[in-house]
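Following: one structure in structure tokens, then a few remarks.
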Amino acid sequence: MADKIMAVVLAAGKSTRMKSQRSKVLHAILGKEIIRYLLDALLECGIAEQDIIVVAGDNRAEIEKVLGSNVRYAMQKEQQGTAHALLSASELLAGHKGSLLVLVGDNPNITALELQKLIAAQRRSLAHCTFISAVFPLPTPPYGRIIRDVQGRVSGIMEERDASPEQRQIREVNASIYLFDNRVVFPYLAEINNRNAKKEFYLTDIIEILVRKKLKVEAVQAADCDIAIGINDRRDLQVAQKKINDRTQLRLMLEGGVTILQPETVTIEHDVEIGRDTVIFPCTYLAAGTRIGINCAIGPFAYLRNARIGDGETVRFAKRED
1 MADKIMAVVL AAGKSTRMKS QRSKVLHAIL GKEIIRYLLD ALLECGIAEQ DIIVVAGDNR
61 AEIEKVLGSN VRYAMQKEQQ GTAHALLSAS ELLAGHKGSL LVLVGDNPNI TALELQKLIA
121 AQRRSLAHCT FISAVFPLPT PPYGRIIRDV QGRVSGIMEE RDASPEQRQI REVNASIYLF
181 DNRVVFPYLA EINNRNAKKE FYLTDIIEIL VRKKLKVEAV QAADCDIAIG INDRRDLQVA
241 QKKINDRTQL RLMLEGGVTI LQPETVTIEH DVEIGRDTVI FPCTYLAAGT RIGINCAIGP
301 FAYLRNARIG DGETVRFAKR ED
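According to our numbering, numbering within the sequence shown proceeds without interruption in unit steps and concludes at 322.
Next comes the structure, spelled out in structure tokens:
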């Protein structure tokens, strides 16, 4: 299989559960749009912007304002499921003989590291499809369950709505991140039907088709089950924000030599730099673009956006937007 990887991001959903006029993938988490987290992960793992295709619907203009025109766009005029969405990108992928990475646009938890692990696993196994799964504790969230045969080999994915009570006890779920041999995926999309609870064309059904055709399919279990958690409503948005904020703070404390007091009261957006030996006091919000030097004391009750704080400065009970 050729080494070149192209990527398709499925982002045309209506986002009705967000109760918002804004597309779900454009809601911000810690100052950065959900779909931007995904695009940054793709770029970090070496996929060029011109090799990324975003499948959009009525939200195309909004998405293009955020992502720009270097990525390419395909239109899904009617939302008939994930398989139908991928089919919308077929013309832009005609002639591509390498790998095709397919992801959903509403998941800010996808990291370059996990994508690199997926790519490495596929190159080792030469599977026609390698996808990421995650194992959750019970009760398992309502995602597609990974069905395996008695030898432990993947035989299909069953969506929650269509699963039997026994299948719903399966703890291994689909993270909706697939790496296909582009030469096999589109010929078999036509075999997917919409005989399911939602009357949609599920991309997950291609797994059972590939297995039936004796093509090689493998699942790679992620180290962290958060990678499977997408954003459907504002509660999910809040949960994702907390998880990303926690990861940012942990990195700053362990790798950056920053002390954060009562971290549950501190929020740090993306694109914030903090020097070593700085102490962040409770009830502090550090917004995007802020740069803090070494040996500083920030907070309590400080709000900084695009601020420049020099070495050794103290900022308390203050709002600063430079």
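Think of the CB as a built atom: it goes at the ideal place given N, C-alpha and C, for glycine as much as any other residue.
N-terminal and C-terminal residue of the alpha helix (DSSP H) that residue i is part of
{"i": "Met253", "result": "Arg234 to Gly256"}
{"i": "Lys214", "result": "Lys214 -> no alpha helix (DSSP H), and no H or E assigned at all."}
{"i": "Ile37", "result": "Residue identity differs from the one stated: residue 37 is Tyr in this sequence, not Ile. Looking at the DSSP string, the run of the alpha helix (DSSP H) that includes Tyr37 is Ile34 to Glu44."}
{"i": "Ser88", "result": "It is not in any alpha helix (DSSP H) - Ser88 carries neither H nor E in the DSSP assignment."}
As assigned by DSSP and simplified to three states, the class of residue i
{"i": "Ala7", "result": "strand"}
{"i": "Asn182", "result": "helix"}
{"i": "Tyr188", "result": "helix"}
{"i": "Val25", "result": "helix"}
{"i": "Gln325", "result": "In the structure as shown, the chain begins at 1 and stops at 322. Residue 325 is therefore absent and cannot be evaluated."}
{"i": "Val66", "result": "helix"}
{"i": "Ile207", "result": "helix"}
{"i": "Thr140", "result": "coil"}
{"i": "Arg171", "result": "coil"}
{"i": "Ser164", "result": "coil"}
{"i": "Ala48", "result": "coil"}
{"i": "Ile119", "result": "helix"}
{"i": "Ser20", "result": "coil"}
{"i": "Thr314", "result": "strand"}
{"i": "Leu103", "result": "strand"}
{"i": "Leu286", "result": "strand"}
{"i": "Arg60", "result": "helix"}
Residue i versus the options, residue with shortest Cα-Cα distance
{"i": "Ala94", "options": "Asn182, Lys117 and Pro137", "result": "Asn182"}
{"i": "Ile280", "options": "Ala288, Thr267 and Asp271", "result": "Thr267"}
{"i": "Glu91", "options": "Leu26, Gly105, Leu103 and Gln76", "result": "Gln76"}
{"i": "Lys238", "options": "Val8, Ala12 and His27", "result": "Note that residue 238 corresponds to Gln in the displayed sequence, not to Lys. Of Val8, Ala12 and His27, the residue nearest in Cα terms is His27."}
{"i": "Asn174", "options": "Val150, Tyr188, Asp224 and Ala197", "result": "Asp224"}
{"i": "Lys198", "options": "Pro165, Arg161 and Val71", "result": "Arg161"}
{"i": "Ser78", "options": "Val71, Leu87, Arg72 and Asn70", "result": "Reading off the sequence, residue 78 comes out as Glu, not Ser. The residue with the shortest Cα to Cα distance from Glu78 is Leu87."}
{"i": "Leu210", "options": "Asn194, Arg308, Ala228 and Phe180", "result": "Phe180"}
{"i": "Val12", "options": "Ile52, Asp106 and Glu49", "result": "As written in the sequence, residue 12 is Ala, which differs from the Val given in the question. It is Asp106 whose Cα lies nearest to the Cα of Ala12."}
Sub-8 angstroms separation of residue i and residue j beta-carbons
{"i": "Gly98", "j": "Met18", "result": "no"}
{"i": "Arg145", "j": "Ala163", "result": "yes"}
{"i": "Glu159", "j": "Ile132", "result": "no"}
{"i": "Arg291", "j": "Glu273", "result": "yes"}
{"i": "Ala177", "j": "Leu252", "result": "Checking the sequence shown, residue 177 turns out to be Ile, not Ala. No. Outside cutoff."}
{"i": "Val154", "j": "Val217", "result": "yes"}
{"i": "Val25", "j": "Val55", "result": "no"}
{"i": "Glu191", "j": "Gly31", "result": "no"}
{"i": "Gly257", "j": "Asp277", "result": "yes"}
{"i": "Arg72", "j": "Ile52", "result": "yes"}
{"i": "Ile29", "j": "Gln241", "result": "yes"}
{"i": "Gly156", "j": "Ile207", "result": "yes"}
Segment limits, beta strand (DSSP E) that includes residue i
{"i": "Thr278", "result": "First-last for Thr278: undefined, no H or E at that position."}
{"i": "Lys319", "result": "Ala318 to Glu321"}
{"i": "Arg305", "result": "Ala302 to Arg305"}
{"i": "Ile227", "result": "Neither: Ile227 is in no beta strand (DSSP E) and is coded neither H nor E."}
{"i": "Ala74", "result": "Arg72 to Met75"}
{"i": "Met158", "result": "Val154 to Met158"}
{"i": "Thr130", "result": "Cys129 to Val135"}
{"i": "Leu323", "result": "This structure cannot speak to residue 323, because the chain is shown only from 1 to 322."}
Proximity test, Cβ basis, 8 angstroms: residue i and chain B
{"i": "Gly230", "result": "Absent from the structure is chain B; it holds one protein chain and no more."}
| Contact between the stretch 50 to 61 and the stretch 120 to 132: three or more CB pairs below 8 angstroms? | no
| Just checking, does the stretch 139 to 150 make contact with the stretch 162 to 182 on the three C-beta pairs under 8 angstroms criterion? | yes
| Using 8 angstroms as the Cβ pair cut-off and three pairs as the minimum, do the stretch 99 to 118 and the stretch 24 to 44 touch? | yes
| Is the stretch 81 to 88 close to the stretch 188 to 205, with three or more CB pairs under 8 angstroms? | yes
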